[in-house]
Amino acid sequence: MTLPISIQLYSLREETAADFKGTLEKVASLGYDGVEFAGYGGMKAEELRELLHELGLRVSGAHVPLAELESDLENVLDYHKVLGNRHIICPFLEENDRSSRAAYEDVAARLKPIAEACSRAGFIFSYHNHDFELQPQGGTVPLPLLLHHPQIHAELDVYWLTRAGENPVEWMERFHDKTPLVHLKDMTNDGTEDFAELGSGGIDVQAVIQKAEEIGTEWLVVEQDVSRIGALNSAEKSMNYLKETYLS
Numbered sequence: 001m002t003l004p005i006s007i008q009l010y011s012l013r014e015e016t017a018a019d020f021k022g023t024l025e026k027v028a029s030l031g032y033d034g035v036e037f038a039g040y041g042g043m044k045a046e047e048l049r050e051l052l053h054e055l056g057l058r059v060s061g062a063h064v065p066l067a068e069l070e071s072d073l074e075n076v077l078d079y080h081k082v083l084g085n086r087h088i089i090c091p092f093l094e095e096n097d098r099s100s101r102a103a104y105e106d107v108a109a110r111l112k113p114i115a116e117a118c119s120r121a122g123f124i125f126s127y128h129n130h131d132f133e134l135q136p137q138g139g140t141v142p143l144p145l146l147l148h149h150p151q152i153h154a155e156l157d158v159y160w161l162t163r164a165g166e167n168p169v170e171w172m173e174r175f176h177d178k179t180p181l182v183h184l185k186d187m188t189n190d191g192t193e194d195f196a197e198l199g200s201g202g203i204d205v206q207a208v209i210q211k212a213e214e215i216g217t218e219w220l221v222v223e224q225d226v227s228r229i230g231a232l233n234s235a236e237k238s239m240n241y242l243k244e245t246y247l248s
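In this text, residue positions in the sequence shown follow the UniProt record's numbering: the first is 1, and each later residue adds one.
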């Protein structure tokens, strides 16, 4: 079954800051099935839900900072219940939360009650990786430690896995039963290791997609943190690649 495609709106952060609704309209016109939020344009959940409905977009998930998850989880979940979102994602760790193995163990303990509360409320809680979770701390690679609890799922970011020298497909197989979301990205193969539009770099995007289908991933989430050609142009180029190679 062909997997739905969304875009992480962090990719379009300058565009959404200037025109949130207009950017969502453009995302829909490019052919994306959904969006993964990193902010809501100051819109109430009911208003945003109606806009998404009008545009034919679904919500694949939302990145919510750990500090907000810890301080305001009830309101976060209430907002996303109205929005119709099932996936709550911790997107990043501040430096003091990843300075040692003990720091990672502390974060893992803090994520546990968040994941359990999400599960009780009908949500799926995931952790999104960068490359620092693949750098050993105290003889241990931290990412499996963060994902150890059964109710903490993975949003595996294939760019950051590759940047860390890892094979993203192998990590998808390792967490095959708890990877509902995959950040689908590419990396330049000119030695700069920059972010790239899908199909223009060195990551085997098709192998990632195939593995995502095999393990039951729910959403492929396109993200490009930085663009050399303009973020909307990159979003269009990546979608055109998917239309030509996967969605046709």
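Backbone N, C-alpha and C fix where the C-beta goes; we use that ideal spot for every residue, glycine too.
Everything numeric in this text was worked out from a predicted model, so none of it was measured.
Unbroken alpha helix (DSSP H) run spanning residue i, endpoints
i    : result
F20  : F20 to L30
S238 : A231 to T245
L52  : A45 to L55
L143 : P142 to L146
E68  : L66 to S71
Residue i and residue j closer than 8 angstroms at C-beta
i           : j    : result
E218        : L181 : yes
S227        : S238 : no
L83         : R49  : yes
D190        : L198 : no
E16         : G34  : Sequence inspection shows Thr at residue 16; the Glu mentioned does not correspond to that position. Not in contact: T16 and G34 (Cβ atoms no closer than 8 angstroms).
T179        : H153 : yes
F132        : R86  : no
I215        : H183 : no
H63         : E36  : yes
L51         : L93  : no
H130        : D157 : yes
L3          : E213 : yes
P150        : V208 : no
T245        : Q206 : yes
S60         : S6   : yes
K26         : L220 : no
S57         : A28  : According to the sequence displayed, residue 57 carries Leu and not Ser. It is a contact, given that the beta carbons lie within the stated cut-off.
residue 266 : K112 : Beyond the ends of the chain as shown, which are 1 and 248, falls residue 266; an answer cannot be given.
One or two residues paired with residue i in a DSSP bridge
i    : result
Y127 : C90 and A154
Q137 : T140
Close-in-space but distant-in-sequence residues of the same chain around residue i (CB under 7 angstroms, 5 per side omitted)
i    : result
Q137 : S100, R101 and Y104
Y79  : A45
A196 : D186, M187 and T188
L30  : A235, E236 and M239
W171 : L156 and L161
E68  : V76
Bounding residues of the beta strand (DSSP E) (the contiguous stretch that carries residue i)
i    : result
V35  : G34 to F37
I7   : I5 to Q8
A62  : R58 to H63
H183 : L181 to L184
L220 : W219 to V222
Residues near residue i in its chain [Cβ-Cβ closer than 6 angstroms; skip 5 each side]
i    : result
G202 : M187 and N189
A108 : L145 and L146
C118 : I88 and F125
F20  : G41
L77  : A121
Y10  : A38
P142 : Y104 and E133
A164 : D131 and L134
P91  : H63 and H128
Y241 : L198 and G199
Q8   : E36, V221 and E223
Contacting residues, own chain, Cβ-Cβ under 8 angstroms from residue i (five flanking each side not counted)
i  : result
M1 : E213
Which ranges would you report for the alpha helix (DSSP H) in the stretch 91-121 if only whole runs of at least 4 residues count? With a minimum length of 4 residues, the unbroken runs of alpha helix (DSSP H) contained wholly in the stretch 91-121 fall at 101-120.
Complete runs of the alpha helix (DSSP H) confined to the stretch 169-213 [at least 4 residues]: Counting only unbroken stretches of 4 or more residues, no alpha helix (DSSP H) element lies wholly within the stretch 169-213.
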